[in-house]
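Student:
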Amino acid sequence: MIRKAVIPAAGFGTRFLPATKAQPKEMLPIIDTPTIQYVVQEAIDSGIDDILIVSGKGKRAIEDHFDRNHELEMELEGKADEAMYNEMLRISDMANIHYIRQKELRGLADAIYHARLHTADEPFAVLLGDTIVDSVIPVTQQLIDIHEQFGRTVIGVEIVPKDKVSRYGIVGGEQVSDSILNVTELVEKPSTEESPSNLAIAGRYILTPEIYKSIEQTEVGKNDEMQLTDALRLLLRRESIASYTIEGKRYDIGNKLDYLKTTVEFALRRKEFAEPFARFLQETLQARGVDQAITGKGTAQTIEEEHER
Ligand code: G1P
Numbered sequence: 008m009i010r011k012a013v014i015p016a017a018g019f020g021t022r023f024l025p026a027t028k029a030q031p032k033e034m035l036p037i038i039d040t041p042t043i044q045y046v047v048q049e050a051i052d053s054g055i056d057d058i059l060i061v062s063g064k065g066k067r068a069i070e071d072h073f074d075r076n077h078e079l080e081m082e083l084e085g086k087a088d089e090a091m092y093n094e095m096l097r098i099s100d101m102a103n104i105h106y107i108r109q110k111e112l113r114g115l116a117d118a119i120y121h122a123r124l125h126t127a128d129e130p131f132a133v134l135l136g137d138t139i140v141d142s143v144i145p146v147t148q149q150l151i152d153i154h155e156q157f158g159r160t161v162i163g164v165e166i167v168p169k170d171k172v173s174r175y176g177i178v179g180g181e182q183v184s185d186s187i188l189n190v191t192e193l194v195e196k197p198s199t200e201e202s203p204s205n206l207a208i209a210g211r212y213i214l215t216p217e218i219y220k221s222i223e224q225t226e227v228g229k230n231d232e233m234q235l236t237d238a239l240r241l242l243l244r245r246e247s248i249a250s251y252t253i254e255g256k257r258y259d260i261g262n263k264l265d266y267l268k269t270t271v272e273f274a275l276r277r278k279e280f281a282e283p284f285a286r287f288l289q290e291t292l293q294a295r296g297v298d299q300a301i302t303g304k305g306t307a308q309t310i311e312e313e314h315e316r
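Okay, so the sequence shown: first residue is 8 according to my numbering, each after it adds one.
1) In terms of alpha-carbon separation, which member of Lys32, Thr270, Phe23 and Glu195 lies closest to Asp39?
2) Reducing DSSP to helix, strand and coil, say where His154 ends up.
3) Throw me the rounded Cβ distance for the Thr177 and Leu135 pair, which I believe falls under 8 Å.
4) How is Lys220 classed by DSSP in three states: helix, strand or coil?
5) Any heavy atom of ligand 1 closer than 6 Å to the CB of Leu115?
6) One question on the structure: do Lys11 and Gly20 come within less than 7 Å of each other, judged by their Cβ atoms?
7) For a test of the three-state rule: what should DSSP assign to Phe131, helix, strand or coil?
8) Using the rule of at least 16 other Cβ atoms within 10 Å of the residue's Cβ for burial, across every protein chain shown, is Ser250 buried or exposed?
9) Would you tell me roughly how many angstroms separate the C-alpha atoms of Val13 and Glu290, rounded to the nearest one?
10) Flag Gly180 as yes if its beta-carbon sits less than 7 Å from any beta-carbon of chain C, otherwise no.
11) Is there at least one non-hydrogen atom of ligand 1 closer than 6 Å to the beta-carbon of Thr236?
12) Just confirm the distance between the C-beta atoms of Asp141 and Tyr219, as a whole number of angstroms; I'd bet it's less than 8 Å.
13) Tell me, please, which residues DSSP counts as bridged to Asn189.
14) Check each candidate in Arg245, Ala50, Asp56 and Gly179 and name the one with the smallest Cα separation from Ala102.
15) Where Val190 and Ser247 are concerned, what is the direct C-alpha to C-alpha distance, given to the nearest angstrom?
16) Can you round the beta-carbon distance between Ser99 and Asp74 to whole angstroms, since I take them to be within the 8 Å contact cut?
17) How far does the beta strand (DSSP E) with Pro15 in it extend, from its first residue to its last?
18) How far does the beta strand (DSSP E) with Ile166 in it reach, from first residue to last?
19) Quick check on Pro283: does DSSP put it in helix, strand or coil?
20) So, using beta-carbon positions, are Leu188 and Leu239 closer together than 7 Å?
21) So if DSSP puts Asp259 in a beta bridge, which residue, or which two residues, is it bridged to?
22) What do you reckon, is the C-beta of Ala207 under 6 Å from a heavy atom of ligand 1?
23) Using 7 Å as the threshold, is the C-beta distance between Val61 and Ile107 below it?
24) Less than 7 Å between the C-beta atoms of Ala132 and Glu165, yes or no?
25) Spatial neighbours of His121 within its chain, please: CB distance less than 6 Å, with the 5 preceding and 5 following residues excluded, ordered by chain position.
26) Please list, in chain order, all residues of the same chain as His105 whose beta carbon is under 8 Å from its beta carbon, the five residues on each side excluded.
27) Closest to Arg159 by CA distance: which of Glu195, Pro216 and Thr138 is it?
28) For the region 67–125, list the alpha helix (DSSP H) runs that are entirely contained and at least 4 residues long, ordered along the chain.
29) Helix, strand or coil, according to DSSP, for Ala29 in the structure here?
30) So for Val194, helix, strand or coil by DSSP?
The following block contains the structure:
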């Protein structure tokens, strides 16, 4: 049974500067909800109620967001917007959230290593704090189901275009079923030539406590950081690992174009915005003649564009 989740959220967010100079990238809102709230909700929807957020310098806003704000509650209480008052209370009571600070940014593997006392000898879920996955079944739940079937480390992956593999950790291995691989290779951000496949690590994992021993043996890798992908490769010597092609759409909030696309898609799904916002988009595109340009080229949205980062 998976009871605990770890959400690494200590990174600088350099891909989103200057917005992330003085605020955490995990707090960037999709309309009105910070990215990390979607991530916490996914963990809760997957049956997890104990969450450890690995935070760092400049990340206080995350703690404040999941804390009570009595002044604000007093301001909202008894006023017209009772729903918002209740929502404020719900957010501060969503889960049992713990925090630990990563004092030096030494990479994802090091961030996860900070969770070792908290998760102790239990397997746990990892959800990257700047990635949202929209799916019918919460993607962490999908991975938990596979973990319960095979009892081992499970990495959520998705298919990416060959020329985008260098942006991700990539897995390779033997096919067990359409969506499951017995992993034999793991490479962080390989070149197209050295990539074992086009299955990219999607920011969701179920890890066993054995990972901590592997992290201790992990050396500094790509981008001068301790990579979780490298620790998982070391783990392969002692334990087998499965990858599972997740069912859902992944949004990487840490890059500007994906962030914009996510905001538009989520707005079009919101009841109160769908119609006026769709009309606005249509009018704007028409006024600019962009729709003709697109039709002229005949380009529907390609998978490549979906993964543009
Ligand atoms: C991290 C992981 C990488 C994974 C990616 C998913 O990279 O190291 O293996 O594919 O997240 O978003 P980052 O995006 O932090 O460079």
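We put the beta carbon where it would ideally sit given N, CA and C, even for glycine.
Tutor: Reading it off the structure:
1) Translated into the one-based positions of the sequence shown, residue 39 becomes position 32. It is Thr270.
2) Within the sequence shown, residue 154 is the residue found at index 147, counting from 1. It is helical.
3) In the sequence shown, the residue the question calls residue 177 occupies position 170. In the sequence shown, the residue the question calls residue 135 occupies position 128. Correcting the residue identity first, residue 177 is Ile in this sequence and not Thr. Not a contact, Cβ separation roughly 16 Å.
4) Position 213 of the sequence shown, counted from the first residue, corresponds to residue 220. Lys220 carries a helical assignment under DSSP once its states are collapsed to helix, strand and coil.
5) Along the sequence shown, one-based indexing puts residue 115 at 108. Result yes, Cβ under 6 Å from ligand 1.
6) As a working mapping, residue 11 is identified with position 4 in the sequence shown. As a working mapping, residue 20 is identified with position 13 in the sequence shown. Not a contact, by the Cβ cut-off of 7 Å.
7) In the sequence shown, residue 131 corresponds to position 124, counting from 1. Here Phe131 sits in strand by DSSP.
8) On the sequence shown, residue 250 is found 243 positions in, with the first residue counted as 1. Ser250 is buried by the Cβ-count criterion.
9) The residue you call residue 13 lines up with position 6 of the sequence shown. The residue you call residue 290 lines up with position 283 of the sequence shown. Approximately 43 Å between the Cα atoms of the pair.
10) Judged by its chain identifiers, the structure shown contains no chain C, having just a single protein chain.
11) By 1-based counting over the sequence shown, the position of residue 236 is 229. Yes.
12) Counting from 1 along the sequence shown, the entry for residue 141 is found at position 134. Counting from 1 along the sequence shown, the entry for residue 219 is found at position 212. In fact, because the Cβ distance is near 31 Å, the residues do not count as touching under 8 Å.
13) Translated into positions along the sequence shown, residue 189 becomes position 182. Note: Asn189 sits in a beta bridge opposite Glu181 and Ala249.
14) Position 95 of the sequence shown, counting from 1, holds the residue named residue 102. It is Asp56 whose Cα lies nearest to the Cα of Ala102.
15) Here residue 190 corresponds to residue number 183 of the sequence shown, with the count starting at 1. Here residue 247 corresponds to residue number 240 of the sequence shown, with the count starting at 1. Cα to Cα, Val190 sits roughly 7 Å from Ser247.
16) In the sequence shown, counting from the first residue as 1, residue 99 sits at position 92. In the sequence shown, counting from the first residue as 1, residue 74 sits at position 67. The Cβ separation is near 6 Å, so the contact holds.
17) Numbered from 1 along the sequence shown, position 8 holds the residue referred to as residue 15. It spans Lys11 to Pro15 - the beta strand (DSSP E) in which Pro15 sits, taken as one unbroken run.
18) Residue 166 sits at position 159 when you count from the first residue of the sequence shown. Taken as a continuous stretch (DSSP letters only), the beta strand (DSSP E) holding Ile166 covers Thr160 to Ile166.
19) As a position in the sequence shown, residue 283 is number 276, starting the count at 1. The three-state reading of DSSP puts Pro283 in helix, counting H, G and I together.
20) Residue numbering aside, residue 188 sits at position 181 when the sequence shown is read from its first letter. Residue numbering aside, residue 239 sits at position 232 when the sequence shown is read from its first letter. Their beta carbons are not under 7 Å apart, which means Leu188 does not touch Leu239 by this criterion.
21) Here residue 259 refers to the residue found at position 252 of the sequence shown. In the DSSP output, where bridge partners are listed per residue, Asp259 has Thr138.
22) In the sequence shown, residue 207 corresponds to position 200, counting from 1. Flag set: Cβ of Ala207 near ligand 1.
23) In the sequence shown, residue 61 corresponds to position 54, counting from 1. In the sequence shown, residue 107 corresponds to position 100, counting from 1. The answer is yes: Cβ separation under 7 Å.
24) If you number the sequence shown from 1, residue 132 lands on position 125. If you number the sequence shown from 1, residue 165 lands on position 158. It is not a contact, given that the beta carbons lie outside the stated cut-off.
25) By 1-based counting over the sequence shown, the position of residue 121 is 114. Correct list, in chain order: Val61, Ile107 and Gln109.
26) Sequence index remark: in the sequence shown, residue 105 carries index 98 (1-based). Cβ neighbours of His105 beyond the five flanking positions: Asp57, Ile58, Leu59, Ile60 and His125.
27) Counting from 1 along the sequence shown, the entry for residue 159 is found at position 152. Taking only the C-alpha atoms, the option nearest Arg159 is Pro216.
28) 67–72, 77–83, 89–98 and 115–120
29) The sequence position of residue 29 within the sequence shown is 22, counting from 1. Three-state result, Ala29: coil.
30) Taking the first residue of the sequence shown as 1, we reach residue 194 at position 187. Here Val194 sits in strand by DSSP.
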